[in-house]
Structures are given as C-alpha cells and as structure tokens.
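To keep things clear, I will list the structure first and then write my remarks on it.
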Amino acid sequence: MTGFARAEGEADGISWVWELRSVNGRALELRLRL
C-alpha cells in the first residue's frame, strides 16, 4: 500500500510546504520546506 499527502500554505509572509509519503508501511518520509 502506498500513501501520499501534501499541503501548502502561507502565513505572515512565510510560505510552507509539507509532504508525507509511505510505501508498504516500511518507510515514512516527511519533508518540510519553509
């Protein structure tokens, strides 16, 4: 099973993006960019 989520936003002039990925429940990769 594969899962993927992504969200983007901006507050007080700071933009952000986060991504969450999982493949077969074996690994979890989380990225956050400001």
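First residue of the sequence shown? That's 132 in my numbering, and the numbers climb one at a time after it. Glycine included, C-beta positions come from ideal geometry on N, C-alpha and C.
Residue from the options with nearest C-alpha to residue i
i	options	result
Glu-139	Ile-145, Met-132 and Trp-149	Trp-149
Thr-133	Val-154, Glu-141, Ile-145 and Ala-142	Val-154
As assigned by DSSP and simplified to three states, the class of residue i
i	result
Gly-144	coil
Arg-137	strand
Arg-152	strand
Whole-angstrom C-beta distance between residue j and residue i, which should lie under 8 Å
i	j	result
Arg-157	Phe-135	Wrong, their Cβ atoms sit about 15 Å apart, outside the cutoff.
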